[in-house]
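Asks:
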Amino acid sequence: MRIMGLDFGEKRIGVAVSDLLGYIAQGISVVKREDIEELKKIVSDYDVERIIVGLPKNMDGSIGDQGNKVLAFIEDLKKEIDLPILTWDERLTTKEAEGVLLKADLSRAKRKKVIDKLAAQLILQGYLDSQRS
Numbered sequence: 175m176r177i178m179g180l181d182f183g184e185k186r187i188g189v190a191v192s193d194l195l196g197y198i199a200q201g202i203s204v205v206k207r208e209d210i211e212e213l214k215k216i217v218s219d220y221d222v223e224r225i226i227v228g229l230p231k232n233m234d235g236s237i238g239d240q241g242n243k244v245l246a247f248i249e250d251l252k253k254e255i256d257l258p259i260l261t262w263d264e265r266l267t268t269k270e271a272e273g274v275l276l277k278a279d280l281s282r283a284k285r286k287k288v289i290d291k292l293a294a295q296l297i298l299q300g301y302l303d304s305q306r307s
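Under this note's numbering, think of the first position of the sequence shown as 175, with each following residue one higher.
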């Protein structure tokens with residue numbers, strides 16, 4: 175079963191998909207936030223059966239403004255894509271992705287191009303790992 179992971183940002187959505195066995199997440203693209211049609215195409219192309227969306231929470235576990243935007247996005251997505259859509263706590267995922275990219279010594283311009291995709295990959299990998307334990 176292939177699973178898709180999404181990192182919902184202010185302007186873009188990072189997209190990752192799992193391998194067929196559900197062990198490895200791979201970042202595949204970044205789409206514009208309003209481009210639901212592109213997400214539908216990825217779901218179809220990869221035969222996705224479930225979607226995991228990173229839900230940003232405050233450090234105390236509460237849901238803030240960005241978290242509420244993600245929840246509204248999920249409701250819109252459910253109207254367009256008839257698949258189970260789950261949330262995954264993504265606290266500090268973008269910071270983790272940035273740290274990985276800094277260690278790789280990528281320029282700021284290169285980091286900007288891939289950070290959303292890497293964050294989606296980290297969100298999905300966290301979910302996949304939790305399913306095996």
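Glycine included, C-beta positions come from ideal geometry on N, C-alpha and C.
Hey, quick one: how far does the beta strand (DSSP E) through E249 stretch, first residue to last?
Replies: Element bounds for E249: not the beta strand (DSSP E) but the alpha helix (DSSP H), 239-254.
Asks: When the Cβ atoms of the stretch 287-300 are set against those of the stretch 196-211, are three or more pairs found closer than 8 angstroms?
Replies: The stretch 287-300 vs the stretch 196-211: in contact.
Asks: Is it buried or exposed for E254, if we count other Cβ within 10 angstroms and need 16 for buried?
Replies: E254 comes out exposed.
Asks: How would you label K252, buried or exposed, when you count the other beta carbons within 10 angstroms and need 16 or more for buried?
Replies: Exposed, by the Cβ-count rule.
Asks: Distance check for F182 and R207, CA to CA, integer angstroms please.
Replies: So the two alpha carbons sit approximately 7 angstroms from each other.
Asks: Which residues in the same chain have their Cβ closer than 8 angstroms to the Cβ of V244, if we skip the five residues on either side of it in sequence?
Replies: So the list reads F182, V227, G228, L229, P230, T261, once near-sequence residues are dropped.
Asks: For the beta strand (DSSP E) holding I226, just list the boundary residues, first then last.
Replies: Run containing I226: 222-229, per the beta strand (DSSP E) assignment.
Asks: Taking the beta strand (DSSP E) that D263 falls in, what are its first and last residues?
Replies: Counting along the chain, the beta strand (DSSP E) containing D263 begins and ends at 259-263.
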